[in-house]
Amino acid sequence: MKSHSSSTLLEVRNLKVSFQGIETVTVLSGISFSIRESETLALVGETGCGKSVVAHAIMHLLPPESKVKGDIELRGKNLLGLNEKEMAKIRGKEIAIIFQNPSLALNPVYSIGHQLAEPLRVHRKEKKKSALSRVAIALKHMGFENFSECIDYYPSWCSGGMNQRFLIAASTILDPSLLIADEPSKGLDRKCVDELEAELKKLKLERKTALLLISHDLGFVQRLADRIAVMYAGEIVEFANPSSVFEKPLHPYTRGLLNSLPEKGFIPIPGISSPLSDLSSGCRFHPRCPLREKRCIEAHPELKEIDGRTVRCFLYP
Ligand SMILES: Nc1ncnc2c1ncn2[C@@H]1O[C@H](COP(=O)(O)OP(=O)(O)OP(=O)(O)O)[C@@H](O)[C@H]1O
Ligand code: SF4
Ligand SMILES: [Mg+2]
0 MKSHSSSTLL EVRNLKVSFQ GIETVTVLSG ISFSIRESET LALVGETGCG KSVVAHAIMH
60 LLPPESKVKG DIELRGKNLL GLNEKEMAKI RGKEIAIIFQ NPSLALNPVY SIGHQLAEPL
120 RVHRKEKKKS ALSRVAIALK HMGFENFSEC IDYYPSWCSG GMNQRFLIAA STILDPSLLI
180 ADEPSKGLDR KCVDELEAEL KKLKLERKTA LLLISHDLGF VQRLADRIAV MYAGEIVEFA
240 NPSSVFEKPL HPYTRGLLNS LPEKGFIPIP GISSPLSDLS SGCRFHPRCP LREKRCIEAH
300 PELKEIDGRT VRCFLYP
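If you're matching positions, the sequence shown starts at 0 in numbering that gives the first Met the number 0 and goes up one per residue.
Below you can see the structure in the form of structure tokens.
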């Protein structure tokens, strides 16, 4: 059992996000969750269900055509009420993000040392030489034996795994309380995934960093998460600890996700998620649910507590 402090670091309440285009599309319809200090919360769910939108809403990185409602509080301070200047002080320093596409996150034109030193120079006004020596120490902590040489490397000289670890070093150089990692293991080979996992565990143990882990890789999630939130079509459908989710999933969608794992026989969930612009009434999963009943088509289930877990399904009284 992993230990963590019980104090709440991030509280997201009834988060609603819509995008204004030719028509308004609601992509998050009232998401609520909290993350405690040094806790790892994983967000899982199929492509397009809204995981990255949650991450970008927390960081104030959604495009101007988005409309955000609800509360996002960091240690009781409402982030949605902050202007860009105030939020810039929080980004990187209190909450950092590793974006979904690491090749776009590192700038090919600048050396690794330059890119990692940047947050220290901007937020802490450190001089170039002292910032670079702190970067070298950070890279040493990340397990790079040739840490002094790495400072002069360029992203194109390095493997995907190395660049991913540079990104973690860059995101955590200011010791944020919360790291958001959006698909950090995507595209990495087995060895790199193992290294990444070790780095994320080290951050939690040694620096007490809380982690919002977004991933399609359920094995990776199972090994790292303290709690898992399963998302479907812009809402959370199940919330539980990893052993409950993996040993006794409650929601039919969670069961479907687990059955699609190779070790469970690769059985895909039939059908595809309806476009968020075209959701029918009732339970959002009903068009694909093998346990669908008449009431599932007529009414929308709310999240309910059951034995210390939370699930959105009429099967549970
Ligand atoms: N700028 C935008 N304008 C309009 N719709 C958007 C915008 N950004 C995201 N969306 C829509 O919001 C929904 C959720 O997208 P999001 O990127 O959060 O999905 P995801 O769960 O992260 O998927 P993946 O697993 O593929 O990364 C999708 O339907 C997407 O098309
Ligand atoms: S509410 Fe009905 S359709 Fe939705 S997941 Fe539960 S059983 Fe399936
Ligand atoms: Mg995404």
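Cβ coordinates follow ideal geometry from the N, Cα and C atoms, glycine included.
Proximity test, residue i beta-carbon vs ligand 1 heavy atom, cut-off 7 Å
{"i": "P267", "result": "no"}
{"i": "F219", "result": "no"}
{"i": "S51", "result": "yes"}
{"i": "F32", "result": "no"}
{"i": "T46", "result": "yes"}
{"i": "P62", "result": "yes"}
{"i": "G20", "result": "yes"}
{"i": "H215", "result": "yes"}
{"i": "L275", "result": "yes"}
{"i": "V43", "result": "no"}
Straight-line Cα distance separating residue j from residue i
{"i": "D151", "j": "N145", "result": "11 Å"}
{"i": "S273", "j": "T23", "result": "16 Å"}
{"i": "K92", "j": "K185", "result": "25 Å"}
{"i": "E85", "j": "V121", "result": "14 Å"}
{"i": "E10", "j": "G255", "result": "29 Å"}
{"i": "L78", "j": "I57", "result": "8 Å"}
{"i": "R74", "j": "I34", "result": "10 Å"}
{"i": "L118", "j": "I172", "result": "What sits at residue 118 in the sequence shown is Pro, not Leu. Cα to Cα, the separation comes out at about 8 Å."}
{"i": "C149", "j": "A135", "result": "8 Å"}
{"i": "G264", "j": "L257", "result": "10 Å"}
{"i": "I268", "j": "S17", "result": "27 Å"}
{"i": "F245", "j": "A224", "result": "12 Å"}
{"i": "I296", "j": "H285", "result": "7 Å"}
{"i": "A197", "j": "K293", "result": "47 Å"}
{"i": "S259", "j": "R287", "result": "14 Å"}
{"i": "L290", "j": "T39", "result": "31 Å"}
{"i": "S6", "j": "W156", "result": "42 Å"}
{"i": "S147", "j": "R133", "result": "11 Å"}
{"i": "A137", "j": "S170", "result": "11 Å"}
{"i": "L187", "j": "F165", "result": "14 Å"}
Whole-number beta carbon distance between residue j and residue i, since they are thought to touch under 8 Å
{"i": "H281", "j": "A298", "result": "Position check: residue 281 holds Gly in this sequence, whereas His was assumed. About 6 Å; that satisfies the 8 Å criterion."}
{"i": "R311", "j": "V236", "result": "5 Å"}
{"i": "V53", "j": "L14", "result": "7 Å"}
{"i": "E36", "j": "K207", "result": "6 Å"}
{"i": "G44", "j": "V229", "result": "6 Å"}
{"i": "A232", "j": "L278", "result": "6 Å"}
{"i": "F238", "j": "R226", "result": "7 Å"}
Residue i: CB within 7 Å of a non-hydrogen atom of ligand 3
{"i": "D181", "result": "yes"}
{"i": "Q163", "result": "no"}
{"i": "Q114", "result": "no"}
Buried versus exposed, by CB contacts within 10 Å (16 or more), residue i
{"i": "E182", "result": "buried"}
{"i": "G112", "result": "buried"}
{"i": "P154", "result": "buried"}
{"i": "N100", "result": "exposed"}
{"i": "D216", "result": "buried"}
{"i": "V108", "result": "exposed"}
{"i": "N162", "result": "buried"}
{"i": "E301", "result": "exposed"}
{"i": "G142", "result": "exposed"}
Task: Chain-ordered list of residues that sit, by beta carbon, closer than 7 Å to a heavy atom of ligand 2 - done: H250, P251, Y252, C282, F284, H285, C288, L290, R291, E292, C295, P300, C312, F313 and L314
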